[in-house]
């Protein structure tokens, strides 16, 4: 996960509720897209400016979904949120992209924060903060970057597939959260494949590069877990939200979503344990190779050092060395050396080092 | 466990409740088998087609058990489930073979999902998803593959053994779940034997192949645990199901089943700890062998390197080397070398390296 | 712990409540012993056959304790249990010796299962399943093997020591369970002494045999823990049993028993951590010895390899080597070699390798 | 974290509630600063002496914040606290700087203890105890050292920014605690950067110094965790304080503060796991380098030891060695040596050691 | 911690409530000391015999504290306890010195068991069991050995310092428990200093002795943890004791005591983690030294083995070796050897091994 630096420091000392975007500042303007629908029909609107959005919020009686791509403009967030009487702290949270997933219930609205996770071009995991404000028939979603995770839901609304148009903004909120959670499975599969690739690589060619990748993978899993873990509680509290806001009918779906979340978390745990298992495997195979290296060294040295010694003895220049004069001395020494060699070989065979 | 790829990806972006089978697609048709029984008698029927099944569901007042082998045909699942007013999400779960074990209570039915675990021809653990829909006097079981795990129960019904015919569909559900849980013990015993075999192998011949097997075993245990762990909660909630659905009489049996589940989970934990213990043992025995190898090298080198040096000294060609002229020089040098050799031997004896 | 193979497999596919003994089949007949007592007196009876036992159960108004050594005869278990209207599942559990400790409350009786742990002749830990059926004034205890763990209680009853005769069958149940738990302390002390012996052995002579023993010990602790751990919950639920069955007076004793159980479990945890600590110590001392071995090798090689090189140089046979002709050449070379030797020695001294 | 020695020992044997400062004694006098404000205006006062402070406490009806820098003077603490009827134990806790974070509710006041964490000049983490006494409209804060962590809040009050002046002393307490918690993020970022620096260093040049730094870092994380962990419960209980003391309006802010605390704790956990991951990486890279070193040694020794042996053989001085007389003997031996060399090279290539 | 052998075995088979002292038997008589006090005055009495103590218990209306040093005399314990109608099981627990800390509430009294921890002459941690029986205005404390941990409290009563004389026996119980808990901090500081000493030693001279000390330290921490851990629950239940026994006023002090207990436990956890950290550091520094040793060996061998080979080649005695006749042959060989030497040096420099 590319570790983004959030401008946390710049906020220290400021009053709570001070609105400062803590992500990476951008030049592009925020993009709005609005869907208004009920059982009978659907209208898609690309508002020209903020005023038009505010006007739609005022006037619409049907389900209204405003999606905002880009949260780096504090004014936009403030205008829209003030319209819905959203608490300063919620506004601050929408702008602070380093939040952990959470759900806050206020008297008049629900505020839900999620982490969207995706693979970037370098095949690394990146996260993005997505916030939702749910207020009666209105749902506002805030995305850090332009993405396509909500396209499936948008299409279902426009094409009138399934029963999404027959239900209200609470089901819409569920559907959007569900599409985010569904997306995790993609990342988990990508990670799972990475681990399998690493395992193959590790068995074939266990070098430093595998170790670095393994280390990287563990950190990615750690970061991912951190994004997803709080989700369990968020969805669990989402399910328990008051009946006046949440249709009991929708609750069944959230229960299902909760099961998916548990599945995501369990899969992450399995990935973590797999990565740990790979590290053990790596360490053990390093030890094994070391053993093999040492065996080769020991065998070579143990065989040839004594032989060299024998040769050295008869290379001495003493004037009186009886063996040297002996006619077959040279061949006897060769014989001795062969015997020593064979003894060593048998010894190593017995030790199963050969 | 042969890691099956579930078509999770293909579902992303679809509406919740969309019915798509996520397992491996097959050509064979799904196979139905029906048992209708009460205290007095039993009828076994192999329905020709779906219509006949639906007709039986409509007309039977006795306990009706429909078993469906093969869930790759979405239409069949939908037709039968719609008949019983089963929720779209339950249908989706029956078809999504990557579910974790769970129990869902709806107003009119119970939906229970389990993982059946078996050994395949390559002696590897495979799992299969089994779903149950329990609706009044009707029990429908959905199996991914044709298997024989329910044969024992079927036989007991047909032969009228035990009191199974005297009880209703709730006891039947218990009996089927019980036969699945009983099956886990087989797998656990197989794993336990694998560990014992590995332990023997490890003590006799600790090489890379043992390490690979150990790694494989740990992953199998991990996968198995993942299939079984959620069962604890499932059975616990099964026991607490409403009296109107579950006969208090049957509850005693489910409590017993719960005890078995705990036993399964505990045995898996013991297997995991045993596997970890083996890994420790492996690592330590690798270290020990390394020590032994190094000892041999050190002893050989420490003894012969100094001796070779001595021989080297008297191999020098200086024109003036008094010892060389000395008549017994050669023998004195041999004496020195023997003394050096003995000193080293005593030193190593003291160190207990010999 | 000698891992007994329970005939789990043979039960798969059978109806719940089918009575099959899963332990090791034996030839001897089961042995009964009966004690009938109240505050005023005590009678000890060795019944000739099952009928006499059944008759006693029917006719006795005082506290009646029937102890059965040997549970491999399914008929005996069934006859006695049927007499007391014991559920089929309880009978099955009495016969299935692979049960985990548990307590089951039924309307008319309590069923309690424990693991008795003892040392066999090979100094290994063995366990034995002990079941109790408590029904009004009657207590029936089922033992797998003939043992003497209940002798203390039997003696107290016969000799009228303490207040055991003044209390009913509930206190008797407590006293028997207490004697089983007390027995654990013996095993724990034996294990504790084994660990201390191992520690001494490990510090004096850390070889492969210590490692094997340590591995064995860890598995024993693991097995023991598995037998004892569920006891915590069993005793806790025992304490909370209904007042109509359990005299409030006896509850104080069970609370005390609970404290003992916690102490047993804590001691097992300490043993486990001690064993892990020993493993760490072992690994570290293996590393240390390796270091020492390598030091010896390095010192010997680093000193003599350069010296041998110098000797080798002057063993060359070039026709023109000025030093060779030099009168004191040989002595100068010796001087150089001594200097090299001293430099190496100082270097190693500085490194604290000597 | 510079481990301060608290004078714990000097307190042993004294009565509870005995007032002794346990931090490092100093010479400077304690410094007071007072802010009195309500919605309409603000007064800043630097009291000359203790009496003036006591007089202000008596006479002020608006929100009164007394900040005391320096708690080494027991008399000052006792005078002020007695004025507000603070319990002896609270006074003792204010003076005992080794407290863990906690919140105590008394009938008439709240006592809150925090750990302020900062980097000292040597870039090490230091902590400081901060206590708050909240009594009706009065808030008294006690700091061990003169610091500037409250400057942001002071400025907001004086400049009338935000809504701080519109709310009472309960919001002030929240604002001060919030500024302390905000400060943790600074430390966490500093630690995070240290870890990243260490990771780079470790990959480039993994020596003993990295290990020492890593060890130091782990201890810092451990100490930090110890300071922060209890905060979770403190803030959670702070949120649940009685409505008569805590304005429901302020509760929303404390809930937000709680989320920040969780985030701090999670970040510390991630730092810990990162540090553990680095240690694993370090150990593995040490093993890898060892492997590399051993490979070089093995290759050099395995190639040249046999060759030296061959040369040694023909350096022997036997009077009868046929090869020596052979005209091309020397070149044949060179040929043999080249072949041996090539065989070894091919062997090592195959093993992928080259 | 000097592991005392408790005579557990001797108790097996005996009736619960049998009074046998399980500690080390001694010859000295038990020593009594009595304090009788109320707000107005205090009397200190050293009773001659047991009868005088019993008489005081009967006749005193003020707060009465009886301290008994030495619990090896079962008769004394039984006489006093019977006087206060203490349950047989409580008496047994007072005498069984292997108890874990606990609190038992009976109808008429509270029974509290603690572990006092102290350093013995060999600087090892020893524990001692302290029991309290609190019955209306009477507090009886039982100590295994004569110690001075209660001297501070005794002095405060006699000198009338603090408010101890103004409060009853419940505050006295608190004060005594508090003095025991305070004592833990001494031990913790001693352990903390040991760890710091070990760390320094480990960095300077990491040998086997450090390892043994570290192992010893870990076991001490483990034993200490076992003595202190149950205290958390004991104090927590102490705080919740019925108002009729515990003055609400005293409850505030117990809450403070609870905080201290948590602090003790947290400190032990930190000590444990520090010890683990040291072990990691130790293992890593051992690996590092191994690396260094291997580097020296590899450098020496890699440089001189090839050089020795070259010298060996020209030590061969072939009759036809052209280089030998060449006038500058010897110097050319020297040149080659220097070049080889330099190449190796550059290679090792590049590898950063030099």
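Residue numbers (the working numbering), protein chains in the order written: chain B, 208 to 561; chain X, 208 to 561; chain S, 208 to 561; chain W, 208 to 561; chain Y, 208 to 561. Here a beta-carbon is modelled for each residue, glycine too, at the ideal position from N, C-alpha and C.
Check whether residue 338(W) and residue 360(W) have beta carbons under 7 Å apart
Within the fourth chain, the letter at position 131 stands for residue 338(W). Within the fourth chain, the letter at position 153 stands for residue 360(W). No.
Can you give me the C-alpha to C-alpha distance between residue 302(S) and residue 307(X), rounded to a whole angstrom?
Translated into the one-based positions of the third chain, residue 302(S) becomes position 95. Translated into the one-based positions of the second chain, residue 307(X) becomes position 100. C-alpha separation (whole angstroms): 34 Å.
Quick check on DSSP: helix, strand or coil for residue 244(B)?
In the first chain, counting from the first residue as 1, residue 244(B) sits at position 37. Three-state result, residue 244(B): strand.
With DSSP collapsed to three states, give me the class of residue 470(S).
Within the third chain, the letter at position 263 stands for residue 470(S). DSSP places residue 470(S) in helix when its eight states are reduced to three.
Can you tell me whether residue 497(X) is buried or exposed, with buried defined as 16 or more other CB within 10 angstroms of its CB?
On the second chain, position 290 is the one that residue 497(X) refers to. Classification for residue 497(X): buried.
Would residue 331(S) pass as a contact of residue 352(S) if the rule is Cβ separation under 7 Å?
The sequence position of residue 331(S) within the third chain is 124, counting from 1. The sequence position of residue 352(S) within the third chain is 145, counting from 1. It is not a contact, given that the beta carbons lie outside the stated cut-off.
According to DSSP, is residue 312(B) helix, strand or coil?
Numbered from its first residue, the first chain carries residue 312(B) at position 105. The answer is strand: DSSP assigns residue 312(B) an E or B state.
Examine the ligand ATP and report whether any of its heavy atoms sits within less than 6 Å of the Cβ of residue 391(W).
This structure lacks the ligand ATP; in fact it carries no ligand of any kind.
Let's test the definition: count the other Cβ atoms within 10 Å of the Cβ of residue 557(S) and tell me whether it reaches 16, buried, or not, exposed.
Residue numbering aside, residue 557(S) sits at position 350 when the third chain is read from its first letter. Residue 557(S) should be labelled exposed.
From this set, 396(W), 223(W), 342(W), which residue's C-alpha is nearest residue 270(W)'s C-alpha?
In the fourth chain, residue 270(W) corresponds to position 63, counting from 1. With distances taken between Cα atoms, residue 270(W) lies closest to 342(W).
Please tell me whether residue 425(S) has its Cβ less than 7 Å away from any Cβ of chain Y.
Here residue 425(S) is taken as the residue at index 218 of the third chain, counted from 1. No, residue 425(S) lies away from the interface with chain Y (no Cβ there is under 7 Å from its Cβ).
Straight-line gap, residue 561(S) to residue 555(S) (C-alpha atoms, nearest Å):
Taking the first residue of the third chain as position 1, residue 561(S) is located at position 354. Taking the first residue of the third chain as position 1, residue 555(S) is located at position 348. Computed Cα separation, rounded: 6 Å.
Along the chain, where does the alpha helix (DSSP H) that runs through residue 289(W) open and close?
Taking the fourth chain and counting its residues from 1, the one referred to as residue 289(W) is at position 82. Run containing residue 289(W): 281-290, per the alpha helix (DSSP H) assignment.
In whole angstroms, what separates the C-alpha of residue 467(B) from that of residue 457(X)?
Sequence index remark: in the first chain, residue 467(B) carries index 260 (1-based). Sequence index remark: in the second chain, residue 457(X) carries index 250 (1-based). A straight line joining the alpha-carbon of residue 467(B) with that of residue 457(X) spans about 31 Å.
Mind checking residue 559(X): buried by the 16 CB within 10 Å criterion, or exposed?
Residue numbering aside, residue 559(X) sits at position 352 when the second chain is read from its first letter. Burial call: exposed.
If I measure Cβ to Cβ from residue 530(W) and keep anything under 6 Å in the same chain, skipping five residues before and after, which residues do I get?
Position 323 of the fourth chain holds residue 530(W). Counting only Cβ-Cβ distances below 6 Å, and skipping sequence neighbours, we find 536.
Taking the straight line between their C-alpha atoms, what separation do you get for residue 423(S) and residue 418(X)?
Within the third chain, the letter at position 216 stands for residue 423(S). Within the second chain, the letter at position 211 stands for residue 418(X). Answer to the nearest angstrom: the Cα atoms are 20 Å apart.
Whole-angstrom distance between residue 445(W) and residue 380(W), CA atom to CA atom
Numbered from its first residue, the fourth chain carries residue 380(W) at position 173. Numbered from its first residue, the fourth chain carries residue 445(W) at position 238. One C-alpha to the other measures close to 10 Å.
With 7 Å set as the bound, which would you pick, yes or no: does the beta-carbon of residue 530(W) sit closer than that to a beta-carbon of chain B?
Reading the fourth chain from its first residue, position 323 is the one you call residue 530(W). No - not a single Cβ of chain B is within 7 Å of the one on residue 530(W).
Rounded separation between residue 372(W) and residue 296(B) - CA only:
The residue labelled residue 372(W) in the question sits at position 165 within the fourth chain. The residue labelled residue 296(B) in the question sits at position 89 within the first chain. If I take the Cα positions, the gap works out to 18 Å.
Which residues of chain W have a Cβ atom closer than 8 Å to the Cβ of residue 315(B), listed in chain order?
Position 108 of the first chain, counted from the start, is the residue given in the question as residue 315(B). Correct list: empty, because the minimum Cβ distance to chain W is about 13 Å.
DSSP beta-bridge partners of residue 272(S):
Position 65 of the third chain holds residue 272(S). Paired residues: 242(S), 346(S).
How should residue 403(S) be labelled, buried or exposed, when 16 other C-beta atoms within 10 angstroms of its C-beta is the threshold for buried?
Position 196 of the third chain holds residue 403(S). With fewer than 16 other Cβ atoms within 10 Å, it is exposed.
Does any C-beta atom of chain X lie closer than 7 Å to the C-beta of residue 643(S)?
Nothing can be reported for residue 643(S): it is not among the residues displayed for chain S, which extend from 208 to 561.
Top-ranked residue by Cα proximity to residue 447(B), from 310(B), 242(B), 472(B):
The count along the first chain starts at 1 and reaches residue 447(B) at position 240. The candidate whose alpha carbon is nearest that of residue 447(B) is 310(B).
Could you tell me which residues DSSP pairs with residue 418(X) in its beta bridges?
For this step, residue 418(X) is matched to residue 211 along the second chain. In the DSSP output, where bridge partners are listed per residue, residue 418(X) has none listed.
Excluding the 5 residues preceding and the 5 following residue 375(X) in the sequence, name in chain order all residues of the same chain whose CB lies nearer than 7 Å to its CB.
Walking along the second chain from the start, residue 375(X) turns up at place 168. The residues are 270, 344, 454.
What are the start and end residues of each continuous beta strand (DSSP E) run of 3 or more residues lying completely inside the region 376-418 of chain X, in chain order?
List check, beta strand (DSSP E) in window: nothing returned.
Counting only C-beta atoms, is residue 551(X) closer than 7 Å to chain B at any point?
The residue you call residue 551(X) lines up with position 344 of the second chain. Not an interface residue.
Own chain partners of residue 391(Y) with C-beta closer than 7 Å, once the 5 adjacent residues on each side are dropped:
Here residue 391(Y) is taken as the residue at index 184 of the fifth chain, counted from 1. Annotation for residue 391(Y): 324, 435, 471 place their beta carbon closer than 7 Å to its own, counting only its chain and skipping 5 residues before and after.
DSSP puts residue 339(W) in a beta bridge; with which residues?
For the purposes of this step, residue 339(W) is identified with residue 132 of the fourth chain, where counting begins at 1. In DSSP, residue 339(W) forms a bridge with 319(W), 348(W).
Residue 377(Y): buried (16+ other C-beta within 10 angstroms of its C-beta) or exposed?
Taking the fifth chain and counting its residues from 1, one reaches residue 377(Y) at position 170. Buried: at least 16 other Cβ atoms inside 10 Å.
Under the three-state DSSP convention, the category residue 300(S) falls into
Counted from its first residue, the third chain places residue 300(S) at position 93. Secondary structure at residue 300(S): helix, using DSSP grouped into helix, strand and coil.
Near residue 634(W), which residues of its chain fall below 6 Å by C-beta distance, leaving aside the five closest residues on each side in sequence?
Given a span of 208 to 561 for chain W in the structure shown, any question on residue 634(W) remains unanswerable.
Interfacial residues, the region 502-516 of chain X to chain S, with Cβ spacing under 8 Å
502, 504, 505, 508, 509, 512, 513, 515, 516
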